[in-house]
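Trainee: Below is the structure I would like to discuss, written out as structure tokens.
Number of protein chains: 2
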Amino acid sequence: MNELMKFETYLRSHGQKMTRPRRVILEAFLGAEGHLSIDDILREAKKIDPGIGQATVFRTIRLITSAGLAREALQEDGARTFEHLADHPHHDHLLCVGCGKIIEFLSPLIEQEQQRIFVRYGFEPRGHMMELLGLCPECQAKERGEH
Amino acid sequence: MNELMKFETYLRSHGQKMTRPRRVILEAFLGAEGHLSIDDILREAKKIDPGIGQATVFRTIRLITSAGLAREALQEDGARTFEHLADHPHHDHLLCVGCGKIIEFLSPLIEQEQQRIFVRYGFEPRGHMMELLGLCPECQAKERGEH
DNA sequence: AGTAAGAATGATAATCGTTATCATTATTGT
DNA sequence: ACAATAATGATAACGATTATCATTCTTACT
Chain L
640 MNELMKFETY
650 LRSHGQKMTR
660 PRRVILEAFL
670 GAEGHLSIDD
680 ILREAKKIDP
690 GIGQATVFRT
700 IRLITSAGLA
710 REALQEDGAR
720 TFEHLADHPH
730 HDHLLCVGCG
740 KIIEFLSPLI
750 EQEQQRIFVR
760 YGFEPRGHMM
770 ELLGLCPECQ
780 AKERGEH
Chain A
640 MNELMKFETY
650 LRSHGQKMTR
660 PRRVILEAFL
670 GAEGHLSIDD
680 ILREAKKIDP
690 GIGQATVFRT
700 IRLITSAGLA
710 REALQEDGAR
720 TFEHLADHPH
730 HDHLLCVGCG
740 KIIEFLSPLI
750 EQEQQRIFVR
760 YGFEPRGHMM
770 ELLGLCPECQ
780 AKERGEH
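So the sequences go chain by chain: L and A.
Position one of the first sequence corresponds to residue 640 (this note's numbering), numbered consecutively onward.
Position one of the second sequence corresponds to residue 640 (this note's numbering), numbered consecutively onward.
What follows is the structure, encoded as structure tokens:
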């Protein structure tokens, strides 16, 4: 089942309609990689259909996220960003506080332990957000050089 | 060494001054528990000195966080929140997406693995943020009852 | 296919958190 | 005590997000 069909299924099951703007925004979003702000997505969507409005991107990204096709990533420069989950295995982020570089990693051990924690507290898992913050080797070197 | 002294040390070593508003805001912040928004802190600070301004709370919380006496927590209702680190061992959060309840937990296994990841990528650790999102037992029951 | 009912859209205004500005006040080293 | 300079608080400015609303699109029903 592809992403468009998943989205359509989600919409139907929630009494909502599949429309052209929603299709365009989903297509634009899936076609770009990385952490995208609303305006990034709007820009991509306008390439397909210049008539798309910003408000609809806000509304549609919320739906796409609720449908489980995207998740919110870090805030970057005050604006929320999103990344889609198609053809992109689950991962967490290691962020350099110096230059903003983002490294993706996956730790099966951590994933496993998170499941245990959900079970311990009787929670039904709905997702997680994990960001490690540090200084990358390059920025460490830069910092040493300047002292 | 208490928090006030740590803050004063931090300020001096960064060429900044210890002032009455900064003392008041730190005291108000330390005196409250949980995740506090800027306006929460402002409210507490005004109880001690009604003359405190919101802008100074924004500025001072940034300093307190840089000094390592607080860390940013989840965004709640669009506003950033902070929690102080005094007499409060390090922990992560398990958040119920239904009712907003927050459970604190600590997993030495995860902490250990995070260190390994920093080392693997040559990063100098600066902190981390981990939030598990799920549905608590009560909200699960509520959801089952409504269907 | 045609149509009525209601949802979705896009432009715009409104809101709200955060940051910048600036005249006044407080702090510090001498 | 004083001069130099940083900090403050009020307010304006800004930017992201949400609400509003007239118009347009979808859908279910005929």
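All C-beta atoms, glycine included, are put in the ideal place defined by N, C-alpha and C.
Predicted model only: the values in this text are computed from it and were never measured.
Helix or strand or just coil, what does DSSP make of residue 712 of chain L?
Mentor: Taking the first sequence and counting its residues from 1, the one referred to as residue 712 of chain L is at position 73. Three-state result, residue 712 of chain L: strand.
Trainee: If you pair each beta-carbon of the region 686 to 699 of chain L with each one of the region 655 to 673 of chain L, do three or more pairs fall below 8 Å?
Mentor: Contact between the region 686 to 699 of chain L and the region 655 to 673 of chain L is present, because at least three Cβ pairs lie under 8 Å.
Trainee: Output yes if chain L places a C-beta closer than 8 Å to the C-beta of residue 672 of chain A; else output no.
Mentor: For this step, residue 672 of chain A is matched to residue 33 along the second sequence. For residue 672 of chain A, the answer is no, since every Cβ of chain L falls outside 8 Å of its Cβ.
Trainee: Over what stretch of residues does the beta strand (DSSP E) that includes residue 720 of chain A continue unbroken?
Mentor: Along the second sequence, one-based indexing puts residue 720 of chain A at 81. Start and end: 720 to 723.
Trainee: Could you work out which residue in L:677, L:731, L:750 is closest to residue 767 of chain A when comparing CA atoms only?
Mentor: Taking the first residue of the second sequence as position 1, residue 767 of chain A is located at position 128. Comparing Cα-Cα distances from residue 767 of chain A to each of L:677, L:731, L:750, the minimum goes to L:731.
Trainee: Cβ of residue 760 of chain A versus every heavy atom of the ligand HEM: is any distance shorter than 7 Å?
Mentor: With respect to the ligand HEM, the structure shown offers nothing to examine, as it has no ligands at all.
Trainee: Exposed or buried, what is residue 773 of chain L when buried is set at 16 or more other beta-carbons lying within 10 Å of its beta-carbon?
Mentor: The residue you call residue 773 of chain L lines up with position 134 of the first sequence. Label assigned to residue 773 of chain L: buried.
Trainee: Buried or exposed: which applies to residue 750 of chain L, given that a residue is buried once 16 or more other Cβ atoms fall within 10 Å of its Cβ?
Mentor: Sequence index remark: in the first sequence, residue 750 of chain L carries index 111 (1-based). Classification of residue 750 of chain L: exposed, given that the 10 Å Cβ count is below 16.
Trainee: If contacts are defined as beta-carbon pairs under 8 Å, then residue 708 of chain A and residue 725 of chain A qualify, I think. What distance do you get, rounded to the angstrom?
Mentor: In the second sequence, counting from the first residue as 1, residue 708 of chain A sits at position 69. In the second sequence, counting from the first residue as 1, residue 725 of chain A sits at position 86. With 8 Å as the limit, residue 708 of chain A and residue 725 of chain A qualify as a contact, their Cβ atoms being about 7 Å apart.
Trainee: With distances taken from CA atoms, which of A:753, A:705, A:670 is nearest residue 653 of chain A?
Mentor: Locating residue 653 of chain A in the second sequence gives position 14, where the first residue counts as 1. It is A:705.
Trainee: Going along chain L, which residues have a C-beta under 7 Å from residue 742 of chain A?
Mentor: Here residue 742 of chain A refers to the residue found at position 103 of the second sequence. Within 7 Å Cβ-Cβ: 760.
Trainee: Helix, strand or coil for residue 787 of chain A per DSSP?
Mentor: Because chain A spans 640 through 786 in this model, residue 787 of chain A falls outside it and cannot be assessed.
Trainee: Identify which residue in L:779, L:778, L:671 has its Cα closest to the Cα of residue 723 of chain L.
Mentor: Translated into positions along the first sequence, residue 723 of chain L becomes position 84. Residue 723 of chain L has its Cα closest to that of L:671, out of L:779, L:778, L:671.
Trainee: Once DSSP output is grouped into helix, strand and coil, what is the label at residue 677 of chain A?
Mentor: As a first step, residue 677 of chain A is located in the second sequence; it is residue number 38 there, counting from the start. Residue state, collapsed to three classes: helix.
Trainee: Are the beta-carbon atoms belonging to residue 733 of chain A and residue 721 of chain A less than 8 Å from one another?
Mentor: Here residue 733 of chain A refers to the residue found at position 94 when the second sequence is read from its first residue. Here residue 721 of chain A refers to the residue found at position 82 when the second sequence is read from its first residue. No. Outside cutoff.
Trainee: Beta carbons nearer than 7 Å to chain L: which residues of the region 696 to 723 of chain A have them?
Mentor: From the region 696 to 723 of chain A, no residue has a Cβ closer than 7 Å to chain L.
Trainee: Listed in chain order, which residues of the region 648 to 669 of chain L have Cβ atoms closer than 9 Å to some Cβ of chain A?
Mentor: Those would be none; no residue qualifies.
Trainee: Grab me the residues of residue 782 of chain L's own chain with a C-beta within less than 8 Å of its C-beta, minus the 5 sequence neighbours each way, in chain order.
Mentor: For the purposes of this step, residue 782 of chain L is identified with residue 143 of the first sequence, where counting begins at 1. Taken in chain order, the residues that qualify are 737, 774.
Trainee: Is residue 773 of chain L helix, strand or coil by DSSP?
Mentor: Residue mapping note: residue 773 of chain L aligns to position 134 of the first sequence, counting from 1. Strand.
Trainee: From what residue to what residue does the alpha helix (DSSP H) around residue 750 of chain L run?
Mentor: Walking along the first sequence from the start, residue 750 of chain L turns up at place 111. Segment 747 to 759, the alpha helix (DSSP H) holding residue 750 of chain L.
Trainee: Under 8 Å by Cβ, that's how I've got residue 754 of chain A and residue 764 of chain A pegged, so tell me the actual separation to the nearest angstrom.
Mentor: Reading the second sequence from its first residue, position 115 is the one you call residue 754 of chain A. Reading the second sequence from its first residue, position 125 is the one you call residue 764 of chain A. Correct: roughly 7 Å between the Cβ atoms.
Trainee: Please look up how many angstroms separate the CB atoms of residue 757 of chain A and residue 669 of chain L, rounded, as I've assumed it's under 8 Å.
Mentor: As a first step, residue 757 of chain A is located in the second sequence; it is residue number 118 there, counting from the start. As a first step, residue 669 of chain L is located in the first sequence; it is residue number 30 there, counting from the start. At roughly 32 Å, the Cβ-Cβ gap does not stay under 8 Å, so residue 757 of chain A and residue 669 of chain L are not in contact.
Trainee: Going straight from the alpha carbon of residue 728 of chain A to that of residue 647 of chain A, what length do you get?
Mentor: Taking the first residue of the second sequence as position 1, residue 728 of chain A is located at position 89. Taking the first residue of the second sequence as position 1, residue 647 of chain A is located at position 8. Those two C-alpha atoms are separated by around 22 Å.
Trainee: Considering Cα atoms alone, identify which of A:659, A:676, A:703, A:718 is closest to residue 691 of chain A.
Mentor: Against the second sequence, residue 691 of chain A aligns to sequence position 52. Considering only alpha carbons, the answer is A:659.
Trainee: In this structure, does DSSP put residue 738 of chain A in helix, strand or coil?
Mentor: Looking up residue 738 of chain A in the second sequence gives position 99. Residue 738 of chain A: coil per DSSP, three-state reduction.
Trainee: Is residue 640 of chain A helix, strand or coil when you go by DSSP?
Mentor: On the second sequence, residue 640 of chain A is found 1 positions in, with the first residue counted as 1. If DSSP states are grouped into helix, strand and coil, residue 640 of chain A belongs with coil.
Trainee: For residue 743 of chain L, which of helix, strand or coil comes out of DSSP?
Mentor: By 1-based counting over the first sequence, the position of residue 743 of chain L is 104. Three-state result, residue 743 of chain L: strand.
Trainee: Find the residues of chain L that neighbour residue 757 of chain A, judging by a C-beta separation of less than 9 Å, and give them in chain order.
Mentor: On the second sequence, position 118 is the one that residue 757 of chain A refers to. By Cβ distance, chain L contributes 733, 771, 773.
Trainee: Within 8 Å of any Cβ in chain L, is that where the Cβ of residue 748 of chain A sits?
Mentor: Walking along the second sequence from the start, residue 748 of chain A turns up at place 109. Taking Cβ atoms only, chain L reaches closer than 8 Å to residue 748 of chain A, which makes this a yes.
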